[in-house]
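Asker:
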Amino acid sequence: MRGSLAVGRTWPSRPAQAQTKMDQYTIPTPAADYTAGAAGSSPRPSVPEPDLSAILKAIHDSREAVEHKVDELRIELSLIQQNLQGVTGRVIEAETLISTTEVELATLQKQILKLMSSVTALHERAEDAKNRARLNNLRLVGLPENLDDPDLAVTLKRWFHTWVTSEKLSPHSL
Numbered sequence: 006m007r008g009s010l011a012v013g014r015t016w017p018s019r020p021a022q023a024q025t026k027m028d029q030y031t032i033p034t035p036a037a038d039y040t041a042g043a044a045g046s047s048p049r050p051s052v053p054e055p056d057l058s059a060i061l062k063a064i065h066d067s068r069e070a071v072e073h074k075v076d077e078l079r080i081e082l083s084l085i086q087q088n089l090q091g092v093t094g095r096v097i098e099a100e101t102l103i104s105t106t107e108v109e110l111a112t113l114q115k116q117i118l119k120l121m122s123s124v125t126a127l128h129e130r131a132e133d134a135k136n137r138a139r140l141n142n143l144r145l146v147g148l149p150e151n152l153d154d155p156d157l158a159v160t161l162k163r164w165f166h167t168w169v170t171s172e173k174l175s176p177h178s179l
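My numbering numbers the first residue of the sequence shown as 6 and each following residue consecutively.
#1: I need the DSSP call for residue 146, collapsed to helix, strand or coil.
#2: When DSSP labels each residue in this structure, what does residue 122 get in the three-state scheme?
#3: Measuring only the C-alpha atoms, how far is residue 150 from residue 112?
#4: For residue 148 versus residue 164, is the C-beta spacing smaller than 8 angstroms?
#5: Can you look up residue 136 in the DSSP assignment and give me helix, strand or coil?
#6: Return helix, strand or coil for residue 88, following the three-state DSSP convention.
#7: Just to confirm my understanding: we take residue 37, look at its own chain, exclude 5 residues before and 5 after, and list those with CB closer than 6 angstroms. What are they?
#8: At what residues does the alpha helix (DSSP H) containing residue 157 begin and finish?
See the structure below:
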């Protein structure tokens with residue numbers, strides 16, 4: 006077994022980089038010689054005492070190493086939590102902006118539809134007004150494009166007088 010202290014056994018070997026301070030300690034095999042005790046007493050084996058102070062120092066060193074690693078992990082965890090809080094804040098801000106933008110987009114799309122219908126209605130009204138304005142126009146056939154007199158009213162009076170009195174006037178021409 007790996008963790009038991011068996012008499013006369015050493016710890017199983019590990020690769021050199023994975024060995025710990027505890028691997029250097031082994032409990033020696035008890036001596037085969039027995040010291041003779043008093044007459045009639047049973048012989049007792051002579052077992053050297055393990056170096057407990059070395060074992061305690063190794064345990065203490067291992068504990069300090071573990072505590073140091075735990076402290077490092079706590080610091081790293083704290084940094085990760087701070088980063089996570091920052092990212093969470095940015096995500097919440099982005100979600101809020103997206104939500105606001107979606108609401109504004111919907112409002113603007115409604116306004117665009119209203120404006121498009123207004124443009125269509127105004128275009129139809131402009132076409133209607135243009136067509137109605139054409140109904141009030143007079144078409145003058147035979148009026149020269151180049152006028153001799155700069156006064157248009159005088160020229161039109163002469164032209165109408167000539168046209169009305171001429172033979173071209175018939176009931177069908179009106």
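We put the beta carbon where it would ideally sit given N, CA and C, even for glycine.
Answerer: In this structure, then:
#1: The count along the sequence shown starts at 1 and reaches residue 146 at position 141. Coil.
#2: On the sequence shown, residue 122 is found 117 positions in, with the first residue counted as 1. Helix.
#3: The sequence position of residue 150 within the sequence shown is 145, counting from 1. The sequence position of residue 112 within the sequence shown is 107, counting from 1. The alpha-carbon atoms of residue 150 and residue 112 are separated by roughly 55 angstroms.
#4: Translated into positions along the sequence shown, residue 148 becomes position 143. Translated into positions along the sequence shown, residue 164 becomes position 159. Yes. Within cutoff.
#5: Here residue 136 corresponds to residue number 131 of the sequence shown, with the count starting at 1. Helix at residue 136.
#6: Taking the sequence shown and counting its residues from 1, one reaches residue 88 at position 83. The answer is helix: DSSP assigns residue 88 an H, G or I state.
#7: The residue given as residue 37 occupies position 32 in the sequence shown. Unreliable positioning characterises residue 37 in this predicted model, as indicated by a pLDDT of 44, which lies under 50. The coordinate reading is nonetheless provided below. Excluding sequence neighbours, residue 37 sits near nothing in its chain.
#8: What you label residue 157 is simply residue 152 of the sequence shown in a count that begins at 1. Here the alpha helix (DSSP H) through residue 157 covers 157-170.
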